[in-house]
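Colleague: Take any residue in the sequence shown, count from 1 to its spot, add 101: that is its number in the numbering used here. Ideal Cβ placement from N, Cα and C applies to all residues, glycine included.
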Amino acid sequence: LAPFFVSRFMLLPAPLLLVPGVGPTLFGHAIVNLVLAELLTNIHGFITIVTNHAGDDLYTFNDAIKPKSGSFYVRQIVSSANYATGTDPIDFAHGW
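1. What three-state label does DSSP hand residue 120 in the structure shown?
2. Closest by CA to residue 191, which one among 133, 132, 145?
3. Less than 7 Å between the beta carbons of residue 172 and residue 154, yes or no?
4. Tell me the rounded alpha-carbon separation between residue 176 and residue 150.
5. Please return the same chain residues whose Cβ sits closer than 6 Å to the Cβ of residue 198, not counting the five positions on each side in sequence.
6. Roughly how many angstroms separate the alpha carbons of residue 136 and residue 130, rounded to a whole number?
7. Locate the alpha helix (DSSP H) running through residue 171, then write down its first and last residues.
8. If we call anything under 7 Å between Cβ atoms a contact, is residue 133 one with residue 127?
9. For residue 146, name the three-state secondary structure that DSSP assigns.
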């Protein structure tokens with residue numbers, strides 16, 4: 102967490118502090134933009150992934166298997182929903 106936080110929220114906008122007169126203001130606005138963008142990205146990712154991998158109608162398994170085996174990957178495919186969304190912009194928003 103620390104390397105990501107330092108690089109994204111401190112080092113990336115730090116050059117803005119060098120702008121005479123308005124540097125701290127620009128830095129503050131950049132931090133707010135970065136935090137809001139991070140939140141919106143996480144919300145979008147959550148909505149996209151959860152709607153495809155969580156539901157009462159998805160198949161579930163009662164026994165355990167070895168991770169990263171062929172059966173493991175087949176179960177991932179079988180236990181996810183592959184619904185048609187319709188248009189290219191919607192597919193793009195879903196990460197296709």
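Modeller: Working from what's here:
1. coil
2. 145
3. no
4. 16 Å
5. The requested residue 198 is not part of the displayed model; the chain covers only 102 to 197.
6. 10 Å
7. 171 to 179
8. no
9. helix
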